[in-house]
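Visitor:
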Amino acid sequence: AARPLAPDARAAKLLQDAGRAHLRALAPKLAALPDWGAEALESAVKNYAAEAGAKLGEVAQPLRAALTGKTESPGLFEVMDVLGRDESLGRINDALDLIPGSE
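Residue numbers (my numbering): 33 to 135.
(1) To the nearest angstrom, how far is it from the Cα of ARG96 to the Cα of GLN48?
(2) Are the CB atoms of LEU99 and SER75 nearer to each other than 8 Å?
(3) Which whole-angstrom value describes the C-beta separation of LEU130 and PRO36, a residue pair presumed to lie in contact below a C-beta threshold of 8 Å?
(4) Would you mind working out which of ALA72, ALA70, ALA92 and TRP68 sits nearest ALA57, comparing C-alpha positions?
(5) Taking its Cβ as the centre, do 16 or more other Cβ atoms sit within 10 Å of ALA64, making it buried, or is it exposed?
(6) Assuming LEU46 and PRO106 are in contact, meaning their beta carbons sit under 8 Å apart, how far apart are those beta carbons, in whole angstroms?
(7) So, helix, strand or coil for GLN48, using DSSP?
(8) Secondary structure at LEU130, three-state DSSP: helix, strand or coil?
(9) According to DSSP, simplified to helix, strand and coil, what is LYS61?
(10) Cα separation between ILE124 and LEU55?
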């Protein structure tokens with residue numbers, strides 16, 4: 033799909049408040065990964081969730097919403113792997129820019 037994605041209503045709810053905070057904190061960690069494979073991505077997201085004291089779903093669901101505009105998709109880390117680093121990070125940043133007050 034062309035960027036920026038228009039999230040559906042359920043995905044848009046995930047891209048607010050805590051979801052937005054997780055995306056903002058997670059994006060630089062993902063950008064710094066030397067390997068953009070599904071396993072490395074999964075490990076990075078799980079490590080971030082543990083550091084943040086969050087459940088994986090509290091981080092993964094807003095991430096899925098930012099990447100796909102939906103609350104359901106194929107495996108999140110495989111989606112990120114297929115999209116690639118630039119497209120994935122671009123979609124995360126697009127989602128943050130679409131959210132009022134996310135500057």
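Every residue gets a Cβ at the ideal spot worked out from N, C-alpha and C, and that includes glycine.
Guide: Here's the rundown:
(1) 13 Å
(2) no
(3) 6 Å
(4) ALA92
(5) exposed
(6) Contact doesn't hold; Cβ gap of about 17 Å is too wide.
(7) coil
(8) helix
(9) helix
(10) 7 Å
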